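Undergrad: Residue numbers (the working numbering), protein chains in the order written: chain A, 159 to 460; chain B, 159 to 460.
Glycine included, each C-beta is placed from N, C-alpha and C at the ideal position.
Every value quoted in this text rests on a predicted model; they were computed, and no experiment measured them.
The structure is reproduced here in structure tokens:
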């Protein structure tokens, strides 16, 4: 089955203690769509300016991503720049220029409206709901969010929670949103606010999947060299939803597998800047790392 | 097979944001020995003062712990008091009175010297080596440590690493000892300094087991209510070594299982203050939680 992905498309400038790169392909929709494309056909909804490089449109196309929903507006593309400290877990935003993104009104082409799987990547909850309102027969809706919306659009986020099946967010966001330091309480508290499933991403510590009758803890892949953590969370959620679209089945087994596939793609993403690593990623490499996840978390019965 | 455990025996005063208790049974050897006793017979080596309550000696005996190696010296027992913040991951030591522990010279009764499995719980690396020198036929030696020794007795700790089979330490200690922020690098770097195995404990994020040809990531049990984290790490390592003594087999399968049994006992430990919860813990409860660890980390092949 196909999946619809909406979110930001950006040109990123990223600085780490060892490298600096400008005008990289970035944005939550870019990362999520390329990640999802390894599992199912993607319909992308977003906006770019007339300065958006053709090479990045070609990159999307190479991954079979449908671009009918990508608006090209007069003006410049959304730009973000950020810097990572030595501990790559800490990121500082240096500048944000919304440009054409400021007035983005997502419009779904008719052909997108019946897409069964939906991933609302990180954009404002208002925009996420605006997209949802145009989807006519969703089977499973996943949404991501960020600290900014928790702080500034809490009511809209709470409203969104009642309309989706699964919320994906990171550890600090889960704590901030629920005011709970204990992540188990945080996850279960969000479940009570609407979604049937909650995934808390913990970076180097893996992630947790919560449902009323399910708790699943997935490890992180042991990486010694992380070059750029940008987009790892978007890749996780894109691949997670992409796998569910491929399986076209929402049960505990497919959800657990989706979490692992999400972790696999995210672990490849951070091996290089932007979407560089995913451009050469192959299905055998995905299968190989999935098997390694299995091996590193396996133990015999007691 | 039996195991030898040495470490501190203390009377603890512990304050959390909701409770405060005085003169609790504490110390690394206490926690580790009671935890290990669920798996194998324990020979304990430590020191207490004449003020040490008989009820705590009875508690050890109830767990079948051999006390021939517990010296009762003139003076007062080692006392520690600490306070936890709301985020129970942060602890502040309020006072430390070494008392009889200050001049502790561990002496192994003859009957202890051939104990095949050894756990050197957290005491100074000098004392840990002093104990090791008296052991005549060790099959497997596990040691724990703490930030204090990393800062003040680094050379002795490095020397100890060459004499043991497995080092158990927590996340922040691993980072501090190796000066690596990346835990995977930290674990592998310690492996190069002597021990065949390294376990990094990550509290609410589970733990990691490293060997030259093994990487195992174990989840943490999802606890909503942690009453007192004191001793969880000691319980983990005691049960880990205790299970290996019971299995009497050091291979990847038994090491992985030992990590899970360690996690099970630690998860029960934090449900109440001091060793209260472990006093009523049963084998069926251990088996039940082991099965839950299996369930919460299981996923099908890709």
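In chain order, what residues of the stretch 366-393 of chain B put their CB closer than 7 Å to some CB of chain A?
TA: Listed by position, the residues of the stretch 366-393 of chain B near chain A (Cβ gap below 7 Å) are 373, 374, 375, 377, 380, 381, 382.
Undergrad: Could you give the first and the last residue of the continuous beta strand (DSSP E) run that contains residue 250 of chain A?
TA: On the first chain, position 92 is the one that residue 250 of chain A refers to. It spans 249-255 - the beta strand (DSSP E) in which residue 250 of chain A sits, taken as one unbroken run.
Undergrad: So with Cβ pairs under 8 Å, would you call residue 523 of chain B a contact of chain A?
TA: Residue numbering for chain B in the displayed model covers 159 to 460; residue 523 of chain B lies beyond these limits and cannot be assessed.
Undergrad: Measure the beta-carbon distance from residue 200 of chain B to residue 188 of chain B and round it to whole angstroms, keeping in mind my assumption that it falls under 8 Å.
TA: Here residue 200 of chain B corresponds to residue number 42 of the second chain, with the count starting at 1. Here residue 188 of chain B corresponds to residue number 30 of the second chain, with the count starting at 1. Incorrect: roughly 11 Å between the Cβ atoms, too far for contact.
Undergrad: Residues in the stretch 312-346 of chain B with C-beta within 7 Å of chain A's C-beta atoms, listed in sequence order?
TA: Hits within the stretch, in order: 339, 340, 341, 342, 343.
Undergrad: Along chain B, which residues have their Cβ under 9 Å away from the Cβ of residue 221 of chain A?
TA: The residue you call residue 221 of chain A lines up with position 63 of the first chain. Simply none; closest approach about 20 Å.
Undergrad: Are the stretch 202-216 of chain A and the stretch 234-254 of chain A in contact at 8 Å, needing three or more beta carbon pairs?
TA: Taking 8 Å as the limit for Cβ pairs, the verdict is that the stretch 234-254 of chain A does touch the stretch 202-216 of chain A.
Undergrad: Between which two residues does the beta strand (DSSP E) containing residue 357 of chain A stretch?
TA: In the first chain, the residue the question calls residue 357 of chain A occupies position 199. From DSSP, the beta strand (DSSP E) with residue 357 of chain A extends over 355-359.
Undergrad: Report all residues from its chain with a CB closer than 6 Å to the CB of residue 355 of chain B; omit the five preceding and five following residues, and keep chain order.
TA: Start at 1 with the first residue of the second chain, and residue 355 of chain B comes out as number 197. Cβ neighbours of residue 355 of chain B beyond the five flanking positions: 324, 369.
Undergrad: Is it the case that the Cβ atoms of residue 482 of chain B and residue 293 of chain B are separated by a distance below 8 Å?
TA: Residue 482 of chain B lies beyond the residue range present for chain B, which begins at 159 and ends at 460; the question has no answer from this structure.
Undergrad: So, under 8 Å CB-CB, residue 389 of chain A and residue 227 of chain A are touching, yes? Tell me the CB distance rounded to an integer number of Å.
TA: The sequence position of residue 389 of chain A within the first chain is 231, counting from 1. The sequence position of residue 227 of chain A within the first chain is 69, counting from 1. Not really, about 20 Å apart at Cβ, beyond 8 Å.
Undergrad: Where does residue 292 of chain B fall in DSSP's three states?
TA: Here residue 292 of chain B refers to the residue found at position 134 of the second chain. The answer is coil: DSSP assigns residue 292 of chain B none of H, G, I, E or B.
Undergrad: Whole alpha helix (DSSP H) runs in the stretch 169-230 of chain B with 4 or more residues, listed along the chain?
TA: Counting only runs of 4 or more, we get 186-194, 212-220.
Undergrad: Would a check of beta-carbon distances place residue 418 of chain A closer than 8 Å to chain B?
TA: One-based indexing of the first chain puts residue 418 of chain A at position 260. At least one chain B Cβ lies under 8 Å of residue 418 of chain A.
Undergrad: Name the two residues that bound the continuous alpha helix (DSSP H) containing residue 449 of chain B.
TA: On the second chain, position 291 is the one that residue 449 of chain B refers to. 441-455 is the span of the alpha helix (DSSP H), which, as asked, contains residue 449 of chain B.
Undergrad: Please list the terminal residues of the continuous alpha helix (DSSP H) segment that includes residue 336 of chain B.
TA: In the second chain, counting from the first residue as 1, residue 336 of chain B sits at position 178. That run of the alpha helix (DSSP H) goes 329-336.
Undergrad: Using a Cβ-Cβ cutoff of less than 8 Å, which residues in the same chain neighbour residue 343 of chain A once the five nearest sequence positions on both sides are dropped?
TA: As a first step, residue 343 of chain A must be located in the first chain, where it is residue number 185. Around residue 343 of chain A: 336.
Undergrad: Would you kindly work out how many angstroms separate the C-alpha atoms of residue 379 of chain B and residue 364 of chain B, rounded to a whole number?
TA: Within the second chain, the letter at position 221 stands for residue 379 of chain B. Within the second chain, the letter at position 206 stands for residue 364 of chain B. So the two alpha carbons sit approximately 8 Å from each other.
Undergrad: Per DSSP, what kind of secondary structure is residue 482 of chain A in: helix, strand or coil?
TA: Outside the displayed span of chain A (159 to 460) sits residue 482 of chain A, for which this structure offers no information.
Undergrad: Between the stretch 404-428 of chain B and chain A, which residues of the former have CB atoms less than 7 Å from a CB of the latter, in chain order?
TA: So the close ones are 411, 414, 415, 418.
Undergrad: Does the distance from the CB of residue 193 of chain B to the CB of residue 423 of chain B come in under 8 Å?
TA: Start at 1 with the first residue of the second chain, and residue 193 of chain B comes out as number 35. Start at 1 with the first residue of the second chain, and residue 423 of chain B comes out as number 265. In this structure, residue 423 of chain B lies closer than 8 Å to residue 193 of chain B by Cβ.
Undergrad: Give the single residue among B:430, B:253, B:282, B:460 whose Cα lies nearest to the Cα of residue 176 of chain B.
TA: Taking the second chain and counting its residues from 1, one reaches residue 176 of chain B at position 18. Looking at the Cα atoms, B:430 is the closest of the given residues.
Undergrad: Under 8 Å Cβ-Cβ, which residues of chain A neighbour residue 177 of chain B?
TA: Numbered from its first residue, the second chain carries residue 177 of chain B at position 19. In chain order: nothing, as chain A lies at least about 16 Å away.
Undergrad: Quick one: using the 10 Å Cβ neighbour count with 16 as the cut-off for buried, is residue 303 of chain B buried or exposed?
TA: As a first step, residue 303 of chain B must be located in the second chain, where it is residue number 145. The residue is buried, with at least 16 neighbouring Cβ atoms inside 10 Å.
Undergrad: If we define contact as Cβ-Cβ less than 8 Å, is residue 360 of chain A a contact residue for chain B?
TA: Here residue 360 of chain A is taken as the residue at index 202 of the first chain, counted from 1. Residue 360 of chain A counts as touching chain B.
Undergrad: Give me the Cβ distance between residue 391 of chain B and residue 340 of chain B, rounded to the nearest whole Å; I'm assuming they're in contact under 8 Å.
TA: Numbered from 1 along the second chain, position 233 holds the residue referred to as residue 391 of chain B. Numbered from 1 along the second chain, position 182 holds the residue referred to as residue 340 of chain B. Not quite, the Cβ-Cβ distance comes to about 21 Å (not below 8 Å), so this is no contact.
Undergrad: Along the stretch 439-457 of chain A, what residues have a CB closer than 9 Å to any CB found in chain B?
TA: Under the 9 Å Cβ criterion, the stretch 439-457 of chain A contributes 444, 445, 448, 449, 450, 451, 452, 453, 454, 455, 456, 457.
Undergrad: Give me the residue from B:387, B:284, B:225, B:240 with the minimum Cα distance to residue 252 of chain B.
TA: The sequence position of residue 252 of chain B within the second chain is 94, counting from 1. Minimum Cα distance to residue 252 of chain B is reached at B:240.
Undergrad: Applying the 10 Å Cβ sphere with the 16-neighbour rule, what's the burial state of residue 445 of chain B?
TA: The count along the second chain starts at 1 and reaches residue 445 of chain B at position 287. The residue is exposed, with fewer than 16 neighbouring Cβ atoms inside 10 Å.
Undergrad: Taking only beta carbons into account, state which residues of the stretch 279-309 of chain B come closer than 9 Å to chain A, listed in chain order.
TA: Of all residues in the stretch 279-309 of chain B, none has a Cβ within less than 9 Å of some Cβ in chain A.
Undergrad: Counting along the chain, where does the alpha helix (DSSP H) carrying residue 421 of chain B start and finish?
TA: Reading the second chain from its first residue, position 263 is the one you call residue 421 of chain B. That run of the alpha helix (DSSP H) goes 410-427.
Undergrad: If you measure from the beta carbon of residue 460 of chain A to each beta carbon in chain B, is any gap under 8 Å?
TA: Residue mapping note: residue 460 of chain A aligns to position 302 of the first chain, counting from 1. Yes, because at least one Cβ of chain B sits closer than 8 Å to the Cβ of residue 460 of chain A.
Undergrad: From what residue to what residue does the beta strand (DSSP E) around residue 369 of chain A run?
TA: Taking the first residue of the first chain as 1, we reach residue 369 of chain A at position 211. Its beta strand (DSSP E) spans residues 365-369.
Undergrad: Leaving out five residues before and five after residue 330 of chain A in sequence, what residues of the same chain have Cβ atoms less than 8 Å from its Cβ?
TA: One-based indexing of the first chain puts residue 330 of chain A at position 172. So the list reads 305, once near-sequence residues are dropped.
Undergrad: Using C-beta distances below 7 Å, list every residue in its chain close to residue 257 of chain B, excluding the 5 sequence neighbours before and after it, in chain order.
TA: If you number the second chain from 1, residue 257 of chain B lands on position 99. Closer than 7 Å at Cβ, skipping near neighbours: 207, 233, 234, 235, 236, 237.
Undergrad: Taking Cβ positions only, does residue 244 of chain B come closer than 8 Å to chain A?
TA: What you label residue 244 of chain B is simply residue 86 of the second chain in a count that begins at 1. So yes, residue 244 of chain B belongs to the interface.
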